[in-house]
Each structure stands twice: as C-alpha cells, then as structure tokens.
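Peer 1: In my numbering, the protein residues as written are 12 to 255.
The beta carbon of each residue, even a glycine, is placed where N, CA and C say it ideally should be.
Please read these numbers as outputs of a predicted model, since none were measured by experiment.
Provided herewith is a single structure, encoded as structure tokens, for subsequent inquiry.
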Ligand code: NAD
C-alpha cells in the first residue's frame with residue numbers, strides 16, 4: 012500500500028462504517044484526514060471532524076472550506092455519505108425519493124463542487140465515490156437505492172471525463188454487502204438477528220460479509236498515486252457477488 016504522507020483527504024460519512032475505515036486507513040498511511048459527517052463527535056485524533064449535512068449546500072461549502080484551510084489544501088475527496096432505502100417503486104412516495112436522492116446523489120454533487128477548486132490545485136488529485144453493486148445488479152426491493160447508486164456510477168464516469176484534463180481522477184467502488192453499523196441496524200431489526208446474519212453470510216459467495224477495511228483498501232488504492240492512470244472506473248468489492 013502506498014504512502015499518503017504529504018497528502019490531504021476529506022471523507023464524507025467518515026464517522027461510521029466504510030467512511031470511518033477509509034479515514035483511519037488513509038491517516039495510518041500518513042495522510043492528513045478530515046471527516047465530514049452529520050455527527051463527527053466520535054471521530055478521534057488524528058482525524059479531524061467537521062459537521063455538515065450533505066443535503067445542505069451552505070453547510071457543505073463551509074465545512075469543506077474549513078477543512079481545506081486546516082489541512083492546507085485538498086488532494087483526495089471520498090464521497091461516501093449515503094443512506095439506504097428498501098422497496099419497489101410503489102413502496103416509496105415522492106418525498107422519500109427526493110430525500111434519498113438528495114443525500115446519495117446531490118450529496119456527491121455538492122461536496123464535489125465545493126472541493127474541485129482545491130483539487131485542481133493538487134498534483135495528486137483523486138475523487139473516489141462509494142457506489143454499490145446495486146447500481147448494476149438489478150436487486151429486488153431496492154428500486155430507489157439502486158437508482159441513486161446508478162446515478163452515482165454515471166456521475167463518476169461523467170466527472171472523470173470532465174475533469175481528466177484538470178488532473179483530477181474520478182473513480183468509484185462498488186461494495187457488495189459490507190459489515191457496517193448500517194447493515195447491523197438492518198439485522199437487528201430482524202426477529203432473530205443472529206440467524207439473519209448467518210443466512211446473509213451464507214448467501215455470499217465467500218460465505219462471509221465484506222469488511223469495511225476491505226472497501227477502505229480499494230478506496231485507498233483508487234485515491235493513491237498507485238492508480239495514477241486510472242479514471243472513470245468502478246472497482247467491485249463484493250466478494251464475488253457480481254459474478255453470480
Ligand atoms: P453507515 O451508516 O455505517 O455510515 C454512513 C455515514 O454517513 C454515517 O456516519 C452517517 O452519519 C453519514 N451520513 C448519512 N447521511 C448523511 C448526510 N446527509 N450528511 C452527512 N453525513 C451523512 O453506512 P456504511 O454501510 O458505511 O455506508 C457508507 C456508504 O457505503 C454509503 O454510501 C452506502 O450506500 C455505501 N454502501 C454500503 C454497503 C453496505 O453493505 N454497508 C454496500 C454498498 C454500498
């Protein structure tokens with residue numbers, strides 16, 4: 012794994028799960044790392060926490076500006092904040108569609124807009140978006156969530172094309188089922204969480220869930236100079252789910 016010494020990073024949704032694992036990995040490898048989250052109070056040094064809701068453009072701009080000022084620049088943006096949604100197109104009304112797209116899609120747009128002027132000034136600029144296998148897998152009961160991540164995948168490709176000549180690479184990871192607090196909350200809502208967890212693991216080709224650290228490793232690769240010629244790609248981190 013590459014050394015991030017001298018590089019700076021901002022991770023949205025970095026207070027939990029995949030974002031937290033990514034922020035900690037980048038920091039452990041030498042990066043100065045800022046976390047933007049609804050509640051970054053649990054984030055510990057050397058990570059720096061900034062409060063913002065990615066649905067609030069003014070708050071995002073203020074948090075990005077504060078983070079960049081404190082870090083002394085920005086080389087890496089990880090657009091990871093996201094929320095889930097279950098059900099078919101009939102199960103979610105317009106308000107729910109707007110709410111989920113506001114976080115999962117426009118959230119990426121807002122942080123990217125705020126960060127791009129700073130990324131353009133970097134010699135190692137990279138954006139990594141946390142997408143999902145839901146973007147392309149055609150999963151049942153995930154119409155809204157899949158549409159939101161499909162948009163993130165398309166945005167990744169479009170942004171890569173738009174900013175390649177600015178020296179800003181844009182890629183995404185497509186995680187499968189990852190053992191994070193989010194998935195834990197879903198399992199806890201089942202009548203028998205332990206049985207549900209075992210059944211979920213058994214449905215994975217590897218017989219286990221993907222770990223947040225494994226997704227963080229893929230994000231770190233796409234954020235690092237090791238992937239310097241790679242832009243506009245989606246890297247599956249799904250324990251083989253995509254091949255089924
Ligand atoms: P998580 O719930 O553990 O962490 C998500 C973080 O995002 C939390 O800290 C939360 O506070 C923050 N967040 C949510 N809404 C926000 C908002 N409006 N503004 C700022 N921060 C906000 O979830 P996770 O499982 O680590 O998921 C992280 C990303 O990975 C999401 O984009 C999710 O869609 C994606 N993903 C997760 C899985 C999985 O199985 N866990 C699979 C594929 C993709």
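(1) State the DSSP-derived secondary structure class of residue 53, mapped to helix, strand or coil.
(2) Taking 7 Å as the limit between beta carbons, can you name the residues of its chain near residue 68, skipping five residues before and five after?
(3) What are the complete beta strand (DSSP E) segments, minimum 3 residues, inside the region 65–151?
(4) For residue 60, which residues does DSSP report across the bridge?
(5) On the premise that residue 70 lies in contact with residue 63, defined as a C-beta separation below 8 Å, what is that separation, rounded to the nearest angstrom?
(6) Does the ligand NAD have a heavy atom nearer than 7 Å to the CB of residue 52?
(7) Compare the beta carbon distance of residue 226 and residue 192 with 8 Å and say whether it is the shorter of the two.
(8) Hey, residue 142 and residue 26: beta-carbon distance below 8 Å or not?
(9) For the alpha helix (DSSP H) holding residue 259, just list the boundary residues, first then last.
(10) Taking buried to mean at least 16 other C-beta atoms within 10 Å of its own C-beta, is residue 100 buried or exposed?
(11) Using a threshold of 7 Å, is the CB atom of residue 27 nearer than that to any non-hydrogen atom of the ligand NAD?
(12) Is residue 126 closer than 8 Å to residue 75 when the C-beta atoms are compared?
(13) Could you name the residues of the same chain whose beta carbon sits closer than 6 Å to that of residue 131, not counting the 5 residues immediately before and after it, in chain order?
(14) Using DSSP with H/G/I as helix, E/B as strand and the rest coil, what is residue 240?
(15) Does the beta-carbon of residue 202 have 16 or more other beta-carbons within 10 angstroms, so that it is buried, or is it exposed?
(16) Does residue 23 come out as helix, strand or coil in the three-state DSSP assignment?
(17) Return yes when at least one heavy atom of the ligand NAD lies under 7 Å from the C-beta of residue 151, else no.
(18) Three-state secondary structure (DSSP) at residue 203?
(19) Using only CA atoms, which one of 249, 170, 231 lies nearest to residue 215?
(20) Just the Cα atoms here: how many angstroms apart are residue 159 and residue 134?
(21) Do residue 179 and residue 138 have their CB atoms nearer than 8 Å?
(22) Just checking residue 235 against the ligand NAD - is the residue's beta carbon closer than 7 Å to any of the ligand's heavy atoms?
Peer 2: Reading it off the structure:
(1) helix
(2) 121
(3) 87–90, 136–141
(4) 46
(5) 4 Å
(6) no
(7) no
(8) no
(9) This structure does not reach residue 259, given that the chain is present from 12 up to 255, and the question cannot be answered.
(10) exposed
(11) yes
(12) yes
(13) 177
(14) coil
(15) exposed
(16) strand
(17) no
(18) coil
(19) 249
(20) 31 Å
(21) yes
(22) no
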